[in-house]
Amino acid sequence: MSGSPNLNLHDDAGANTGPAQTLHRVSGALADHVGEARSELEQALGVMRSAVAALYEGFRVLDQQTRAQQTEVAELVAALSDDARARDVISVRQAVRETLDVVNDLGRSLGALADDGRENSESLEQISRQQEGVFESLAGIDRIAQQSRVLALNATIEAHRAGEKGRAFGAVASEMSALMKDTIAFNEHVSEQRDVARESMRVIQSGVGQRLATDVEAARAASSRIESLAEQLQRLDRTMSERVTRLADATTAVHGAVGEAVRGLQFEDIASQLLARVGDRLVGIEQVGLALREASAGDAARLISLAPEALRADGAEAKDHRPVHQTNVDAGSVELF
Amino acid sequence: MSRTILVVDDSLSMRQMVSHTLEQAGYAVKAAVNGREGLEVAQANAVDLVVTDVNMPEMDGIALVRALRAEPNHRYTPILVLTTESTDTKKAEGKAAGATGWLVKPFSPDQLLKVVTKVLP
Numbered sequence: 002m003s004g005s006p007n008l009n010l011h012d013d014a015g016a017n018t019g020p021a022q023t024l025h026r027v028s029g030a031l032a033d034h035v036g037e038a039r040s041e042l043e044q045a046l047g048v049m050r051s052a053v054a055a056l057y058e059g060f061r062v063l064d065q066q067t068r069a070q071q072t073e074v075a076e077l078v079a080a081l082s083d084d085a086r087a088r089d090v091i092s093v094r095q096a097v098r099e100t101l102d103v104v105n106d107l108g109r110s111l112g113a114l115a116d117d118g119r120e121n122s123e124s125l126e127q128i129s130r131q132q133e134g135v136f137e138s139l140a141g142i143d144r145i146a147q148q149s150r151v152l153a154l155n156a157t158i159e160a161h162r163a164g165e166k167g168r169a170f171g172a173v174a175s176e177m178s179a180l181m182k183d184t185i186a187f188n189e190h191v192s193e194q195r196d197v198a199r200e201s202m203r204v205i206q207s208g209v210g211q212r213l214a215t216d217v218e219a220a221r222a223a224s225s226r227i228e229s230l231a232e233q234l235q236r237l238d239r240t241m242s243e244r245v246t247r248l249a250d251a252t253t254a255v256h257g258a259v260g261e262a263v264r265g266l267q268f269e270d271i272a273s274q275l276l277a278r279v280g281d282r283l284v285g286i287e288q289v290g291l292a293l294r295e296a297s298a299g300d301a302a303r304l305i306s307l308a309p310e311a312l313r314a315d316g317a318e319a320k321d322h323r324p325v326h327q328t329n330v331d332a333g334s335v336e337l338f
Numbered sequence: 015m016s017r018t019i020l021v022v023d024d025s026l027s028m029r030q031m032v033s034h035t036l037e038q039a040g041y042a043v044k045a046a047v048n049g050r051e052g053l054e055v056a057q058a059n060a061v062d063l064v065v066t067d068v069n070m071p072e073m074d075g076i077a078l079v080r081a082l083r084a085e086p087n088h089r090y091t092p093i094l095v096l097t098t099e100s101t102d103t104k105k106a107e108g109k110a111a112g113a114t115g116w117l118v119k120p121f122s123p124d125q126l127l128k129v130v131t132k133v134l135p
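Set out below in structure tokens:
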């Protein structure tokens, strides 16, 4: 802070001088004070305006960014909310719900598939049992063939014994023997087919069982994994929703704070007007000083005697209209006519 | 098409703050530094609303309100006075001149936008 101008009411020798000289000195000192005060006032106004301009620019950018952030957050909130479907956009929540529905459908299909597999396996076993029954029945043909062979052999022997009379019977015995051979050949063929059929049935039953076990197990594992993923998605959705809500709250708070700051920064306009009034008063004081400087000794005595009354009058006039009544930066009133 | 608002204030920071608040809300803004310039802008442009300070050089806000009410195009244009002046005498003067509303500084952005929305036709 610079020092105050020196108000020296004495001459160089230190002796008191007359009223006119005293007034001259007083007015000179007053002019110095007022000049300094006006200069410092202008300087303070300049610094204040510059500071407010810089602060305002910062808040303007902050406000713009906050609004952009608010828009982004609103988009995120909409994407996470159930209202998203209304805008032809699927929300994360909806996606999770639909995924779980698909998983449940898949589970039901797997259950039905397992039931079908078990039923098919039972049918195969039944077919296998029926097939064995058929093969056992066919085994009876073998016994008949053996008995027929013995019968044909006996018939041939008896035909030989009968001689000429048994020739026709021998022909029948020969046909029976041929039929028996065909029957045995047929039976052997059936036995081969039975073995092949048994092996095929065994392979089919084994394959169906293994396939069923493998597929159901794989499907259950996949279903379990999808359920786990869906749960993770739900957790992620909840976390995202909570964080986006917190972000939205923070953005709203910043927006409110920027509004408060914009209101606070208006102190520059209010203070500028007040300081301009102070400047006007300093000009008035300066003019009084000039008048004093030009006053004669007689005028000086009269001025001094009139000073208290004049000052009271000036004060009353000064209070007559004050353009600024604010004492803080609280929001001002609003009145619609 | 966005509405156009004329902002008249001799303080640069006030012009900036009011203009920014209105622009962010989607309004088009024209600005003037005193009543005389504000009147010229209002005469040359379609203006839906005027927000003016009172204490300005050359032509003050009350004189601007009177001048605008004398213009056929702005006889019914809403005019909000945004000022540090808060005395009943000044408010009565503004009302008599034809102002639509009186807002005492400092304004809060939300408060200003609320009033603007209310008075815009």
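In the order they appear, the protein sequences are chains A and B.
The end of the first sequence is residue 338 by the numbering used here, with every number in the run present.
The end of the second sequence is residue 135 by the numbering used here, with every number in the run present.
From the three backbone atoms N, C-alpha and C, an ideal C-beta is built for every residue, glycine too.
The Cβ of D62 (chain B) sits no closer than 8 Å to any Cβ of chain A. Chain B places no beta carbon closer than 8 Å to that of G59 (chain A), leaving this residue out of the contacts. For V47 (chain B), there is no enclosing alpha helix (DSSP H), as DSSP marks it with neither H nor E.
Annotation: D74 (chain B) has no Cβ neighbours in chain A at a cutoff of 7 Å; minimum Cβ distance is about 10 Å. The beta carbon of Q327 (chain A) sits closer than 8 Å to the beta carbons of I271, G333 from its chain, once the five residues preceding and following it are set aside; these are given in chain order. Nearest Cα to R221 (chain A) within the set A:L111, A:L56, A:L63, A:E58: A:L111. Contact annotation: L31 (chain A) and G290 (chain A) have beta-carbon atoms nearer than 8 Å. Non-local C-beta neighbours of L266 (chain A) in its own chain, meaning closer than 8 Å and more than five positions away in sequence, comprise V53, L56, Y57, F60, ordered along the chain. Between the alpha carbons of A153 (chain A) and G164 (chain A) lies a distance of about 16 Å. The region 75 to 110 of chain B is shown to contain whole alpha helix (DSSP H) runs of 4 or more residues at 75 to 84, in chain order. Cβ neighbours of A39 (chain B) within its own chain (closer than 6 Å, five residues either side excluded): L127. Residue contact check for M70 (chain B) against chain A: no CB pair falls below 8 Å. For A251 (chain A), the number of other beta carbons within 10 angstroms of its own is below 16, and it is reported as exposed.
Your pair L82 (chain B) and A56 (chain B) checks out as a contact, with CB atoms roughly 6 Å apart and the cut at 8 Å. Judged by beta-carbon spacing, T18 (chain B) lies beyond the 8 Å limit of D67 (chain B), meaning their Cβ atoms are not closer than that value. Annotated three-state conformation of A42 (chain B) is strand, per DSSP. Our two residues, E336 (chain A) and E232 (chain A), have alpha carbons roughly 56 Å apart in a direct line.
What H326 (chain A) touches in chain B, judged by beta-carbon distance under 7 Å, is S100, going in chain order.
Annotated as proximal: R264 (chain A) and P120 (chain B), with beta-carbon spacing under 8 Å.
Secondary structure at V279 (chain A): helix, using DSSP grouped into helix, strand and coil.
The residue among A:E269, A:L293, A:R323 with its C-alpha nearest the C-alpha of R278 (chain A) is A:R323. Put simply, the backbone Cα of L20 (chain B) is about 25 Å away from that of T101 (chain B). Taking 8 Å as the cut-off, the Cβ atoms of V79 (chain B) and A46 (chain B) do not count as close. According to the DSSP assignment, G257 (chain A) belongs to no beta strand (DSSP E) but to the alpha helix (DSSP H) extending over 168 to 266. According to the DSSP assignment, L127 (chain B) belongs to no beta strand (DSSP E) but to the alpha helix (DSSP H) extending over 123 to 133. In this structure, the straight-line span from the alpha carbon of R150 (chain A) to that of A172 (chain A) is close to 15 Å. As computed with DSSP, G115 (chain B) is found in a beta bridge with A:L337, B:L94. Linking I205 (chain A) to S124 (chain A) through their CA atoms gives a straight-line distance of about 12 Å.
The C-beta distance from L234 (chain A) to V97 (chain A) rounds to 5 Å, short enough to fall under 8 Å.
Here K109 (chain B) has W116 as same chain residues with Cβ atoms under 8 Å from its own Cβ, once five neighbours each way along the sequence are excluded.
Of the residues assessed, N69 (chain B) falls on the buried side of the cut-off, its CB having 16 or more other CB atoms within 10 angstroms.
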